[in-house]
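There are 2 protein chains.
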Amino acid sequence: MTPALETALKADAERLAAALDVLLPEVPGPERRLFDAMRYATLGGGKRLRPFLVLETSRLFRVDPACAIRAAAALEMVHCYSLAHDDLPAMDDDDMRRGRPTTHKAFDEATAILAGDGLLTSAFEVLADPLTHGDAKVRSDLVLALARAAGPEGMVGGQMIDLQAAGLAMDIGAITRLQRMKTGALIAFACEAGALLGHAAPQLHEALRGYAHDLGLAFQITDDLLDAEGSAAEAGKAVGKDAARGKATFVSLLGAERARSQARLLGDQAIRHLAPFGAAGDRLADLARWVVDRRA
Amino acid sequence: MTPALETALKADAERLAAALDVLLPEVPGPERRLFDAMRYATLGGGKRLRPFLVLETSRLFRVDPACAIRAAAALEMVHCYSLAHDDLPAMDDDDMRRGRPTTHKAFDEATAILAGDGLLTSAFEVLADPLTHGDAKVRSDLVLALARAAGPEGMVGGQMIDLQAAGLAMDIGAITRLQRMKTGALIAFACEAGALLGHAAPQLHEALRGYAHDLGLAFQITDDLLDAEGSAAEAGKAVGKDAARGKATFVSLLGAERARSQARLLGDQAIRHLAPFGAAGDRLADLARWVVDRRA
Chain A
1 MTPALETALK
11 ADAERLAAAL
21 DVLLPEVPGP
31 ERRLFDAMRY
41 ATLGGGKRLR
51 PFLVLETSRL
61 FRVDPACAIR
71 AAAALEMVHC
81 YSLAHDDLPA
91 MDDDDMRRGR
101 PTTHKAFDEA
111 TAILAGDGLL
121 TSAFEVLADP
131 LTHGDAKVRS
141 DLVLALARAA
151 GPEGMVGGQM
161 IDLQAAGLAM
171 DIGAITRLQR
181 MKTGALIAFA
191 CEAGALLGHA
201 APQLHEALRG
211 YAHDLGLAFQ
221 ITDDLLDAEG
231 SAAEAGKAVG
241 KDAARGKATF
251 VSLLGAERAR
261 SQARLLGDQA
271 IRHLAPFGAA
281 GDRLADLARW
291 VVDRRA
Chain B
1 MTPALETALK
11 ADAERLAAAL
21 DVLLPEVPGP
31 ERRLFDAMRY
41 ATLGGGKRLR
51 PFLVLETSRL
61 FRVDPACAIR
71 AAAALEMVHC
81 YSLAHDDLPA
91 MDDDDMRRGR
101 PTTHKAFDEA
111 TAILAGDGLL
121 TSAFEVLADP
131 LTHGDAKVRS
141 DLVLALARAA
151 GPEGMVGGQM
161 IDLQAAGLAM
171 DIGAITRLQR
181 MKTGALIAFA
191 CEAGALLGHA
201 APQLHEALRG
211 YAHDLGLAFQ
221 ITDDLLDAEG
231 SAAEAGKAVG
241 KDAARGKATF
251 VSLLGAERAR
261 SQARLLGDQA
271 IRHLAPFGAA
281 GDRLADLARW
291 VVDRRA
């Protein structure tokens with residue numbers, strides 16, 4: 001990771017944590033447990049890749065940072081809700097996430113379910129609030145885009161397929177489709193958000209769509225590589241689970257070497273989509289390089 | 001129930017089922033199970049009280065029925081998601097709902113969690129779609145109002161309190177607050193939706209808020225009465241559970257007789273809020289009478 005990217009990621013992650021801290025306050029009364037769990041599920045760190053993409057693509061169009069950070073926070077709420085629900089015993093049954101107990105382990109199952117529900121709902125509340133953008137059409141379009149990305153034809157549908165994946169004959173086409181739904185759709189929204197907030201011209205909007213598509217696929221392939229090769233300490237969560245569950249992955253289908261070269265190819269392709277932005281796209285290019293080479 | 005109200009409820013319930021059938025289609029592929037569960041959770045009947053309120057308040061302002069039915073469907077998706085999640089073993093652990101197995105019994109826990117997540121997400125997708133209203137401000141305001149009603153300060157927060165209620169010393173003020181969050185907020189949104197879709201004048205908007213407030217509270221009190229007095233066959237679900245769990249209810253705090261007279265008082269109050277609408281409010285008045293006197 002380049003020092004410039006590292007500094008930018010860290011600064012944006014701090015901005016995001018500050019925004020989440022305000023949007024998800026500590027409250028008194030019997031609903032305190034719910035808010036505590038929502039805070040636990042979102043404020044535990046993580047790479048904050050998706051919020052960074054919202055903030056960085058927003059900068060390309062000189063979006064007010066106070067607006068961009070709200071869209072970034074809404075997206076991170078959705079990402080963190082999906083982790084809280086996916087970790088549940090009835091789903092992936094994971095006890096550790098980012099090096100600490102998952103939400104249902106730190107609280108209990110009912111609270112983790114409700115915290116996820118609350119985060120998903122609050123994400124749309126944040127996007128629809130006039131504070132996020134003065135133009136109601138932008139707010140409504142953000143809601144529509146995030147709902148499509150996170151819903152049954154996107155992330156939730158992807159998780160449903162993933163749960164059945166061990167019993168399905170998945171070829172590379174099916175795995176690619178699953179990835180686009182389960183993780184690609186939210187990454188695409190992250191880049192789309194900057195374009196929507198900034199009333200981007202159609203060809204720039206399209207360029208970011210291309211970047212997001214290739215970046216998302218590269219990210220999933222390196223995720224599979226890390227799961228197959230990494231250690232639990234590096235990943236901060238259980239690894240090697242896909243193989244143990246008999247699930248097809250990019251690595252099991254392509255082999256590690258071809259998977260890695262495929263990720264590199266996608267990274268290069270992602271960077272080429274950034275050409276219309278000139279030097280303003282440098283950090284997004286650095287990010288694509290890091291995604292391909294990352295070790296965690 | 002008056003014959004006019006019965007006819008209107010039935011016709012609106014049929015319109016709603018037709019709209020949900022289109023919005024939640026049967027799909028091929030490995031995500032089929034998710035869509036099937038979403039359909040199961042929403043298309044199993046029920047009184048459709050909340051959609052009726054959306055449609056009936058929309059009629060007061062001559063809202064295009066094609067718009068109103070979409071808002072009604074979005075709200076019912078949120079209501080049905082909350083039932084699917086609340087019925088889960090980690091929550092209220094109910095096996096039967098509306099006289100048939102709950103979603104996690106008919107499918108499995110993971111699918112019920114995802115179906116709930118999918119319904120909640122799709123609800124906002126429906127509201128933010130330009131088909132729901134041509135004015136983006138109306139769409140954005142609908143999203144904001146539904147998210148507030150359904151989120152941590154509304155329904156989800158109410159469910160969190162309810163889960164802890166057996167261990168809390170709840171007086172009538174605390175029970176009333178719990179009800180407003182857990183069930184009142186969605187009923188208030190139902191009436192609010194018609195006003196938002198119809199660009200209602202502020203004093204008419206306010207009149208509907210008053211109606212919704214009193215109706216929602218009356219509804220919860222009669223729900224507690226039915227739980228305390230009813231039979232499982234009439235209610236289509238398990239009854240007497242509140243007492244078995246040691247939870248305070250309006251009935252345990254006030255006694256059945258005072259609870260019933262309080263519900264009547266609230267019903268009368270709800271009807272008085274409808275005065276500005278003249279005869280156009282007759283069906284909403286009939287509904288308030290039915291809520292107070294209902295046996296299921």
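Order-wise, the sequence lines are chains A and B. First residue of the first sequence: 1, per our numbering; consecutive thereafter. First residue of the second sequence: 1, per our numbering; consecutive thereafter. Ideal placement from N, C-alpha and C gives every residue a C-beta, glycine not left out.
What does residue i reach in chain B if we use C-beta pairs closer than 7 Å?
{"i": "G157 (chain A)", "result": "E31, L34"}
{"i": "D129 (chain A)", "result": "L144"}
{"i": "E192 (chain A)", "result": "In chain order: nothing, as chain B lies at least about 14 Å away."}
{"i": "K137 (chain A)", "result": "A136"}
{"i": "L55 (chain A)", "result": "Neighbours of L55 (chain A) on chain B: none; closest Cβ ~22 Å, over 7 Å."}
Return the residue from the list the options that minimises the CA-CA distance to residue i.
{"i": "H205 (chain A)", "options": "A:A275, A:L75, A:E109", "result": "A:A275"}
{"i": "E31 (chain A)", "options": "B:P152, B:I187, B:T121, B:I221", "result": "B:P152"}
{"i": "T103 (chain A)", "options": "A:F124, A:V251, A:Y81", "result": "A:Y81"}
{"i": "R98 (chain A)", "options": "A:D87, A:D86, A:G134, A:G44", "result": "A:G44"}
{"i": "R70 (chain A)", "options": "A:G29, A:L16, A:L34", "result": "A:L16"}
{"i": "R272 (chain B)", "options": "B:A243, B:Y211, B:E229", "result": "B:Y211"}
{"i": "F35 (chain B)", "options": "A:Q159, A:D141, A:L208, A:T121", "result": "A:Q159"}
{"i": "E26 (chain A)", "options": "A:A18, A:R39, A:E14", "result": "A:R39"}
{"i": "A334 (chain B)", "options": "B:K241, B:D282, B:F219", "result": "Absent from the structure is residue 334 (chain B), since the part of chain B shown begins at 1 and ends at 296."}
{"i": "A37 (chain B)", "options": "B:L253, B:E109, B:A248, B:S58", "result": "B:E109"}
{"i": "A123 (chain B)", "options": "A:P101, A:A115, A:L146, A:A136", "result": "A:L146"}
{"i": "G281 (chain A)", "options": "A:R50, A:T7, A:M1, A:T57", "result": "A:T57"}
{"i": "D64 (chain B)", "options": "B:G198, B:D286, B:D93, B:A18", "result": "B:G198"}
{"i": "A193 (chain A)", "options": "A:M170, A:W290, A:A150, A:L142", "result": "A:L142"}
{"i": "A270 (chain A)", "options": "A:F250, A:V291, A:E257", "result": "A:V291"}
{"i": "H85 (chain A)", "options": "A:L178, A:K105, A:A66, A:T222", "result": "A:K105"}
{"i": "F250 (chain A)", "options": "A:D286, A:G173, A:R294", "result": "A:G173"}
{"i": "L253 (chain A)", "options": "A:D293, A:A228, A:F277", "result": "A:A228"}
Does residue i have its Cβ less than 7 Å from a Cβ in chain B?
{"i": "F219 (chain A)", "result": "no"}
{"i": "Q164 (chain A)", "result": "yes"}
{"i": "M91 (chain A)", "result": "yes"}
{"i": "G210 (chain A)", "result": "no"}
{"i": "L23 (chain A)", "result": "no"}
{"i": "S140 (chain A)", "result": "yes"}
Can you check DSSP and say which residues form a bridge with residue i?
{"i": "R100 (chain A)", "result": "A:R97"}
What does residue i reach in chain A if we use C-beta pairs closer than 7 Å?
{"i": "E109 (chain B)", "result": "A90"}
{"i": "F124 (chain B)", "result": "F124, V143, A147"}
{"i": "G118 (chain B)", "result": "G151, P152, V156"}
{"i": "L168 (chain B)", "result": "P30"}
Is there a Cβ of chain A sitting closer than 7 Å to that of residue i, yes or no?
{"i": "H85 (chain B)", "result": "yes"}
{"i": "S261 (chain B)", "result": "no"}
Could you tell me which chain A residues have their CB closer than 8 Å to the CB of residue i, listed as they occur along the chain?
{"i": "A150 (chain B)", "result": "T121"}
If residue i sits next to residue j, beta carbons under 8 Å apart, how far is it from one beta carbon to the other, in whole angstroms?
{"i": "D117 (chain B)", "j": "V156 (chain A)", "result": "5 Å"}
{"i": "L88 (chain A)", "j": "F189 (chain A)", "result": "Contact flag wrong, Cβ pair sits at about 24 Å."}
{"i": "V54 (chain A)", "j": "A41 (chain A)", "result": "Not quite, the Cβ-Cβ distance comes to about 19 Å (not below 8 Å), so this is no contact."}
{"i": "L120 (chain A)", "j": "V78 (chain A)", "result": "6 Å"}
{"i": "F61 (chain B)", "j": "A200 (chain B)", "result": "6 Å"}
{"i": "R283 (chain A)", "j": "A4 (chain A)", "result": "7 Å"}
{"i": "L208 (chain A)", "j": "T176 (chain A)", "result": "Actually they do not touch by this definition, with Cβ atoms about 20 Å apart."}
{"i": "G246 (chain B)", "j": "A166 (chain B)", "result": "5 Å"}
{"i": "A299 (chain B)", "j": "I113 (chain A)", "result": "Lying outside 1 to 296, the shown extent of chain B, residue 299 (chain B) is not represented and no answer is given."}
{"i": "A185 (chain B)", "j": "A128 (chain B)", "result": "Rounded, the Cβ-Cβ distance is 20 Å, inconsistent with contact."}
{"i": "R48 (chain A)", "j": "A19 (chain A)", "result": "The pair is not a contact, with the Cβ atoms about 11 Å apart (cut-off 8 Å)."}
{"i": "Q262 (chain B)", "j": "I221 (chain B)", "result": "6 Å"}
{"i": "H133 (chain B)", "j": "C67 (chain B)", "result": "5 Å"}
Name the chain B residues whose beta carbon is nearer than 9 Å to that of residue i?
{"i": "L114 (chain A)", "result": "H85, M91, P152, V156, G157, Q159, M160, L163"}
{"i": "M1 (chain A)", "result": "Under the 9 Å cutoff, chain B gives no residues; its nearest Cβ is about 33 Å from M1 (chain A)."}
Against residue i, what residues of chain D qualify as contacts under a CB-to-CB distance less than 9 Å, listed in chain order?
{"i": "M38 (chain A)", "result": "Within the model displayed, chain D is absent; protein chains A and B are what it includes."}
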